[in-house]
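See structure below.
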Amino acid sequence: MLSNGGFILLERLRQIECSCFAPKVSWNITHREVNTEPYGPFEAQQGGISQVEKEYQVLQEQLKEACENYEHSNVRGSEETKDLEEKLKRNVEENKISKTELDWFLEDLNKEIKKWEQEKKEIQERLKALKKKMKKVLNASRMYTQENDGKEKALELLLDQSLEISNTFTNEKMKIEESIKKGKEHYEESLQRALDAEVSVLENWKDVEVCKLRSMESQAEGLLKNLKLMSSDSAAYSDMDSDIHSWESFLSDVREEIEKAKSQFEEQIQAIKNGSRLSELPKVQISELSFPTCNTVSLNLTPRPRPQQKLPCWRSQ
């Protein structure tokens, strides 16, 4: 489909053809007499028809060049849009996979923590029982010492039992301390993995939003380039300067929004690295930009803004 400029060029060519080749004969259906009056000259001045034919050829070449430029720009813009859509689809799929893996990891982490807490509780109960047993043995040893000062063998036996229990207690204490140490190391490792996963999710969100804005930027650049190519005919396009200014302003807003989105995501990534949780951070605000109304280019050439795709919800664990 031709633009407004193409229709104007066709109209101009039709006017030139009519002025060059229209016969100067007055025909009346009712009266059929022969006109014997001499005809006036076809040309108002010498060489007028040749000049009109040259102008006709120039306009035909301009029309052909404008059509070719439009076709090339349309094909190139379609290819770029297709590439950006494929990249956006891949980023969304990767983001979903990362979110699923993170949910699995957090679920496993909660199971490990519950298991560790249960083991800790059991160890504390055993330690408490050992303390009670040791207390009973010590009380019994004290009682036998007071009652049987002369029974050295019995006393030695009790002392041996006390020493054995003390060694058992020491061994259990060492095992408990080792278990606590391993639990802390595992907990710190799990926290680091959770931090890396949240940073990965934010980076994927950033890539998705920037990709959508880059797509709008690419479409706006293509249309702005077409407008500038057609701006040579100022008489045919009275609103050209206004449209170019509108698209340049829109392109500047898109680029500013890209930098703003990058900055917000980087701030949240840094906040997570400093100890914050993703579920506690506010949502990144991305402005919804709409393409400006173009008076010069026909409506079917104006790109439609992409629908704002929602980011996957973050479920806090």
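In numbering that gives the first Met the number 0, the protein residues as written are 0 to 316. Heads up, the beta-carbon is just placed ideally off N, CA and C, and yes, glycines get one too.
| Check | Outcome |
| --- | --- |
| Expressed to the nearest angstrom, what Euclidean distance is found between the alpha-carbon atoms of Lys110 and Gln117? | 11 Å |
| So which of Glu70, Asn225, Arg276 has the shortest CA-CA distance to Arg192? | Arg276 |
| Smallest Cα separation from Ser289: which of Gln218, Glu100, Asn203? | Gln218 |
| Return helix, strand or coil for Arg276, following the three-state DSSP convention. | coil |
| Within 8 Å, do at least three Cβ pairs link the segment 249–258 to the segment 208–215? | yes |
| Looking at the secondary structure, which residues open and close the alpha helix (DSSP H) in which Ser144 lies? | One point to set straight first is that residue 144 is Thr, not Ser, in the sequence displayed. Its alpha helix (DSSP H) spans residues 47–146. |
| State the Cα-Cα distance for the pair Ala153 and Lys134, rounded to the nearest angstrom. | 18 Å |
| If you reduce the DSSP assignment to three classes, tell me which class Ile164 lands in. | helix |
| Taking Glu220 and Leu250 to be in contact with their CB atoms under 8 Å, please state how far apart those CB atoms are, rounded to whole angstroms. | 7 Å |
| Please state the DSSP three-state secondary structure of Ser241. | helix |
| Measuring CA to CA, which of Leu62, Asn138, Leu226 is closest to Ser161? | Asn138 |
| Going by C-alpha to C-alpha distance, which of Glu188, Lys224, Ser245, Glu171 sits closest to Glu121? | Glu171 |
| May I have the straight-line CA-CA distance separating Trp246 from Lys272, to the nearest angstrom? | 39 Å |
| Could you round the C-beta distance between Leu201 and Phe104 to whole angstroms and report it? I think they count as a contact, below 8 Å. | That pair is no contact at about 16 Å. |
| Please report the straight-line C-alpha distance between Ala270 and Leu126, rounded to a whole angstrom. | 42 Å |
| Relative to the alpha-carbon of Ala371, which residue among Glu93, Ser178, Glu279, Trp204 has its alpha-carbon at the smallest distance? | The structure shown does not extend to residue 371, since the chain is modelled only from 0 to 316, so the question has no answer here. |
| Give the straight-line distance between the Cα atoms of Pro291 and Met239, rounded to the nearest whole angstrom. | 13 Å |
| Hey, out of Glu287, Met229, His244, Ala196, whose CA is closest to Thr99's CA? | Ala196 |
| Once you ignore the five residues that flank Asn225 on each side, which residues in its own chain have a CB closer than 6 Å to its CB? | Ser72 |
| Report the CB separation of Leu223 from Ile243 in whole angstroms; it is logged as a contact under 8 Å. | 7 Å |
| Output needed for Arg75: all residues of its chain with C-beta closer than 8 Å, excluding positions within five of it in sequence on either side, in chain order. | Gly221 |
| Please classify Gln284: does DSSP put it in a helix, a strand, or coil? | coil |
| Nearest-angstrom Cα distance between Lys88 and Lys63? | 38 Å |
| Given this structure, state the Cα-to-Cα distance separating Asp159 from Asn166, to the nearest angstrom. | 10 Å |
| Please look up how many angstroms separate the CB atoms of Ile164 and Val136, rounded, as I've assumed it's under 8 Å. | 6 Å |
| Is DSSP giving Ser199 helix, strand or coil here? | helix |
| By Cβ distance below 6 Å, which residues in the same chain neighbour Asn94 in space, the five residues on each side in sequence not counted? | Asn203 |
| Run the CB neighbour count on Gln267, radius 10 Å, all protein chains shown included, and call it buried at 16 or more, exposed below. | buried |
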